[in-house]
Amino acid sequence: MSRIGVFTCHCGENIGATVDCAKVAACTRNVPGVVHSVDYKYMCSDPGQTLIKEAIKEHNLTGVVVAACSPRMHEPTFRAAVAEAGLNPYLCEMANLREHCSWVHGKADATTDKAADLIRVMVEKVKHNEPLHPIKVPVTKRALVLGGGIAGIQAALDIANCGHQVVLVEKSPSIGGHMSQLSETFPTLDCSQCILTPRMVEAARHPNLTLMTYAELEKLEGFIGNFKATIRKKARQLDEKLCTGCGLCTTKCPQKKIPDEFNEGLGRRGAIYVPFPQAVPNKPVIDKANCTFYRSGKCKVCEKVCPTGAIRFDQQDELVTLDIGAIVLATGFKVMRTDKFPEYGYGKYPDVIDGLQFERLASASGPTLGAMQRPSDGKAPETVVFVACSGSRDRSKGVPYCSKICCMYTAKHAMLYKHKMHHGKAYVFYMDIRSSGKDYDEFVRRAIEEDDVTYIRGRVSRIYEEDGRLVVKGADTLMGGEPVEIKADLVVLATAVQAQDGSEELAQKLHVSYDPYHFFAESHPKLKPVETNTAGIFLAGACQAPRDIPETVAQASGAAAKVAALFSRDELTREPQVAVVNRLPAPMFSYCVGCFLCQSACPYQAIEQEEIRGRDGSLLKTLAKVNAGLCQGCGTCVATCRTKAIDIQGFSNEQIFAELMTL
Amino acid sequence: MADTHFLPQASLDTLFAALTRDGRRILAPVDRDGRTELNPVEHADEVASGCLQTVLSAKEAAFPKVERLLSYTLAPGAVALQDAEPQARPTVLFGLRPCEASGFRALDAVFNWDTRDSFFNARMTALAVIGMSCTRRDEACFCTSVGGGPGATAGSDILLTPVDGGFLAEVLTDKGRAMAALAPEAFRPDPGLEKKVVEVPVAFDPAALTVRLKDLFDNGIWAEQSLRCLGCGACAFVCPTCVCFDLVEEADAKGGRRLRTWDSCGGARFTQHASGHNPRSTQAQRWRQRIYHKFSYYPERYGMLGCVGCGKCTRACPVDMNLQEHLLAAAQA
Amino acid sequence: MTDSFEPKITAFVCNWCTYAGADLTGTSRIKYASNVRVLRLPCTGRIDFMLLAKAFSRGADGIIVSGCHPNDCHYTSGNYHARRRWMVYRDLMDFMGLDTRRITFSWVSAAEGARWAELVNEVTVAVRALGPYTDYRELALTGVE
Amino acid sequence: MDVIATSRQLLESGAVQAVIGFEAGTRGIPRPAFIRRAEGAGALVFDANCTQNLGTYLTRPEVRTLGRVAVTATPDTLRAILQLMAERQLKEEDVLALAVDATGEALELPTAQAVEEHLAMVAQVLPDRDREALERLGRMTREERWAFWQGEFARCVKCYACRNSCPMCYCGHCTMDCNRPQWVAEPSHALGNLEYHMVRAMHLAGRCVACGACGRACPVGIPVHLLTFHGEESVHRQFGQRAGASSRLDYALSTFRPDDKETFIR
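From first to last, the protein sequence lines stand for chains A, B, C and D.
Note that the working numbering has the first sequence beginning at 1, numbered continuously upward.
Note that the working numbering has the second sequence beginning at 1001, numbered continuously upward.
Note that the working numbering has the third sequence beginning at 2001, numbered continuously upward.
Note that the working numbering has the fourth sequence beginning at 3001, numbered continuously upward.
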């Protein structure tokens, strides 16, 4: 038989002025199961809490109802107090007499009656409360960072510097990502590689940081603090320990004509290659698709020339499984290719290029060693047209969102061009100039005012070739839409930033949600920008949305801080408001029939399978099982369950029914 | 020796009117879109003509599907009981088939076996039966194999047998005479009418079956027969003699009521223990229980069969669990 | 009789949006009808349609179900699941002849304190006009001898 | 090959240990039959009166012990089989579907995919009288519908023939059996009956394979199948899904679309 104590708070005048607290306390005494009911001016005050603690001991209460303010306000306070008196804190509930009654109704009998009702509801609930205990989940203090761009490098370094193990996985042969392709960076125009490569080297050298380049995530199981990640290390056809990175093989490789990814196809590389001189690690890979040996069975020049005999033609992919506590997703972005634009010639004009290609043209480490030469004939372009919003903010043909970085890098490109060719003409077609950011607008003004780049507000309707030049047809909307035609030698499309290829598949592997454009979705747009819906998986950089470098780095450090916070404890403690599947003796074992409709309803993939087997190992029944580490306690599964096998602790069916039955 | 009369079809209304005047509710077979139900009537023309049987049995008149045994209200430290007394309405069951009429004996055996059930008895006291001999049968009928017959009088206070222009009325009991006395003008002297009823061949000897069952408890036929059974309660709920019930408390913090509702031993949960153990965990066991209860335990305990051969269960079964057929199989097993 | 009649309104609300919103109504001291009794649940996804049916059988004349606006669910998608369930349940209610005007589904965010007051008042007025839900109240007494 | 020959062959070859089909009943209507020896196959019949959804038997513990079974199946039964697979109550290897048409010709559908492809050819249409009944109810006022269903439910004795004949009501522990808390009033009074039929209809919305077995099973002739049909139609109308179309789970009420219509939400 329950022994419930009810403590009605006046909250000074806040409740007392409209609700007759003494009367409420008195009629509550008549509720079956209530053995003690008092009212007091301030229950949350020390004397108020003492009142409760003493009553618990004196009347050995089995449950407590504090009728005061909103549980969202003081539930922790009173549960702590109850715990101090030796009662399980989850045997304390609050009736919301203030926010839901005294503050919203006038002084009337109806208001006092409602107060009494609200208390009765909670009394009946608390009769069905079970002692609960916080859930403890062990934490593996090793982080996995997916993506070796600046976001991944930054996050990995921050975590490593907190003294935790990090594994940094990059799918290409070297870390560095897009940032390593950039020539200069806005708004300071400092050399991208000069600021990036030190970080790359630090990452490679860091004792807590393990690099896995030319590798990809194969499979992920488990949950926060307890993931099991399987990584596929693609075969470089190389014994990395023996390779000294001398580069002899790459220079001797007879294949020379393979379009070079790092140079965005503007340069050429061999079949065995290092993506770029500062690559980390500085170890080549063999591109099997293009290697003469793999295609014809002959060649092996690299093997012959390798001074340390490091080439391994028979090397196979390797699968490595790691215990991981947290994951940072930093897989970055890609840019829309020029062939997506019929009106700009479907990419068939070599001199219509995208922003990344221009970065390579402008880069001292690029195919032209930084000299301004257009791809078609190497001629220095006298006139260059930059087209912003190519594909961005374009619902009909491109993507509806703003790619965010284009305004800035277009201004940068125009400046870089002007700095290299002072007499050249640079035009920028734009819709709006979005340059909000520290020193950003000043940067754009510089392009316009100091480097006299001509900005034309309007879209480019068509580009076509005419005797060796590109005719750019557009309109100047500031001049009343008057048509503009420019004969250019080079056109640079600031094409839209898009989610990396394979983002959708990766998201599904990780059970994180993603938006219609396959950018990974943050848990809350404002308050949880680096978390995903899957506990223990965090986001950094452009895999979540278009971002520039400063934002990316900041977010990466944010994600790293989340990981560090998670790793700061050996166990993580969670509120026990989670779902449980009931268990019974044989032969039923549980009301659960194993239809697993709850599994498809669960937003957190917290429903697992449990197989019940007989002594002889035969399968007797397959049940749903809740992973308390993943469950967030929303209860969608409970409403989906026909047999009522699954229930939520703290908001159980019996509790809710008991509440209903009082009404 | 029952006194017999001629009751002209035309005089039925006179009788009905008299019974109604006497404050009795008349329940009779009524056609309702293709089904025959036992419903309240006031005039003879409402009564379904030539129907074989109602879907549900007449047991409802004495043993309702839901019946309140008591209600109560809770005050601090006090429980106030209310209406724990039966209120039975005087009722006449008209046109009941002899098989069903005889069914009340089987109910009585249980409800008055150890304690006397005041609710059942109050309703029985207020109940009178005007039976109707059978001039038709169907393949589900087997009354003659369980000691009954198409013209059997047991259970009827008055038994009518259709004849030209009316009925041969056998007034059998005091209740019957009391009803006849309410409308003497309706009854004419019996011109020596012949009681013609349908022929229902005897399919098996129940006594022999009861003996046979003693050796069949662990026989495989129950599993065999019950494979098809869906385990629903249709057979039990239409049965005139099935008497299983459940007690349900509908209560909240302020008060509640205790209800008696029909139940069925065919249901998988019927014997489920709180421990999780279920002594009748398979459909075979539950099907066997149904047979044994009626043809072995009833004879043992009450010296009568728990089946009147009305065939309602067979007609109601969605998968044709034909009782007679299965009994024959058992008898020959 | 509906003049003197005060409807009984039962509200099922999620903890994160509507309950918090109703708290804000209080902190903002906005007054509303005292007919409503609020039951707090973690999420609208938790609300089994049977709870609504039970509320009616407990004598509720009107029901409010409210949670986070689409996209704002604390649990990311509980409200979407709830919405589908309601779409079917409401349809079925109507088919069985239950009075769908007596259930109001709504989204009230933690910031919409005033909205909550409006909602409760609107529903109270509407249900007062409909009168007591006698059809449902009589059910428990029908079919019992 | 016809049902008898196919079944005989399957039993002889040991491909299945039992065939669930129909045999002549004692009251003019065919009834479910369990044939476990090739000699017995001769008893099998199949015609338009074979309406029982045999899928109901596939989840029964007694039937599971028989081994691999073949089932003579109408499209309804095939849908039930797929839905049971989607809800992990049935494995592909447990059952061999024999699609049988009114002529008695049997077509072996050994895999879920085969069943899906076969069903894709068959249009799923409600029987005219049920469609008309639904339309008639649709035309009624709400008050009339209430009166109609209350009148029907008044006859309900909660024998659960509807539930037990339903292939999708396989739950070992039905909501009706839940008494802590008592989700549904157990007695067959007006409240208990309304709650029972409401819960059943909701639990089948999005899962009902529209075989109508529940309605046919009802001894007192309550058209309970109209409730589940309506629920299923409602799901199809609003979400475009149909139960029993695939062996992969596609349950409308355990998923959602952010752009689901919400006309009635304030």
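Backbone N, C-alpha and C fix where the C-beta goes; we use that ideal spot for every residue, glycine too.
Asked                                                                                                                            : Found
Unbroken stretches of the alpha helix (DSSP H), 4 residues or longer, contained in the stretch 3226-3263 of chain D              : none
C-beta neighbour in chain B for Val2120 (chain C), strict 8 Å                                                                    : no
Those runs of the beta strand (DSSP E) which lie wholly inside the stretch 2-85 of chain A and span at least 3 residues          : 4-9, 34-40 and 63-68
Pair within 8 Å by beta-carbon distance, Val1066 (chain B) and Val2038 (chain C)                                                 : no
Three-state secondary structure (DSSP) of Met707 (chain A)                                                                       : The structure shown does not extend to residue 707 (chain A), since chain A is modelled only from 1 through 663, so no value can be given for it.
Residue-level contact to chain B via CB, Gly2059 (chain C), 8 Å cutoff                                                           : no
Straight-line Cα distance separating Cys407 (chain A) from Ile433 (chain A)                                                      : 6 Å
Test: Glu2145 (chain C) CB closer than 8 Å to a CB of chain B                                                                    : yes
Closest residue to Met372 (chain A) among A:His206, A:Ala426 and A:Glu261 (Cα-Cα distance)                                       : A:Ala426
8 Å Cβ cutoff met for Ile3265 (chain D) and Ser2106 (chain C)                                                                    : yes
C-beta contact flag for Val3209 (chain D) and Ala3080 (chain D) at 8 Å                                                           : yes
Interface residues of chain D facing Ala601 (chain A) [CB-CB closer than 7 Å]                                                    : Ser3254
Backbone secondary structure at Met415 (chain A) - three-state DSSP                                                              : helix
Reduced DSSP category for Val563 (chain A) - H, G, I as helix; E, B as strand; rest coil                                         : helix
Cβ-based burial, Arg1089 (chain B) [other Cβ within 10 Å; buried from 16]                                                        : exposed
Interface residues of the stretch 1275-1287 of chain B facing chain A [CB-CB below 8 Å]                                          : Ser1275, Gly1276, His1277, Asn1278 and Ser1281
Beta carbon proximity, Arg2085 (chain C) to chain D, threshold 8 Å                                                               : yes
is_contact[Ser1100 (chain B), chain D] using C-beta, thresh 8 Å                                                                  : Note that residue 1100 (chain B) is Glu in the sequence shown, not Ser. Cβ-Cβ to chain D under 8 Å: no for Glu1100 (chain B).
Phe538 (chain A) - partner residues in DSSP beta bridges                                                                         : A:Val328 and A:Glu531
Minimum Cβ-Cβ distance from Cys631 (chain A) to chain D less than 8 Å                                                            : no
8 Å Cβ cut-off: residues of chain A touching Leu2148 (chain C)                                                                   : A query on residue 2148 (chain C) cannot be resolved here, the shown segment of chain C reaching from 2001 to 2145 and no further.
Partners in chain C for Ile648 (chain A), counting only beta-carbon separations shorter than 7 Å                                 : Pro2042 and Arg2046
8 Å Cβ cutoff, Pro89 (chain A) in contact with chain B                                                                           : no
Partners in chain C for Val3267 (chain D), counting only beta-carbon separations shorter than 9 Å                                : Because chain D in this structure spans residues 3001 to 3266, residue 3267 (chain D) falls outside the shown range and cannot be described.
Between the CA atoms of Ala1331 (chain B) and Phe1204 (chain B) - distance to the nearest angstrom                               : 8 Å
Continuous alpha helix (DSSP H) assignments of at least 4 residues falling wholly in the stretch 3090-3150 of chain D            : 3112-3120 and 3128-3139
Neighbourhood of Arg79 (chain A) by C-beta distance below 8 Å, restricted to the same chain and skipping five residues each side : Pro89, Tyr90 and Cys92
Proximity of Phe520 (chain A) and Val512 (chain A) at Cβ, strictly below 8 Å                                                     : yes
Length at least 3, wholly inside the stretch 1193-1266 of chain B: the beta strand (DSSP E) runs in chain order                  : 1245-1251 and 1255-1262
Alpha-carbon to alpha-carbon, Thr1091 (chain B) and Leu2130 (chain C)                                                            : 40 Å
Proximal chain C residues relative to Glu1185 (chain B), where beta-carbon distance stays under 7 Å                              : The contacting residues do not exist; Glu1185 (chain B) stays about 34 Å from chain C at best.
Exposed unless 16 or more other CB atoms sit within 10 angstroms - verdict on Thr636 (chain A)                                   : buried
Ile2030 (chain C): contacting residues in chain A (beta-carbon distance under 7 Å)                                               : Val104
Nearest-angstrom beta carbon gap, Gly629 (chain A) and Ile15 (chain A) [assumed within contact, 8 Å]                             : The pair is not a contact, with the Cβ atoms about 40 Å apart (cut-off 8 Å).
Min CB distance Ile3081 (chain D) to chain A below 8 Å                                                                           : no
Contact list for Pro2070 (chain C) against chain D, beta-carbon separation under 7 Å                                             : Pro3258
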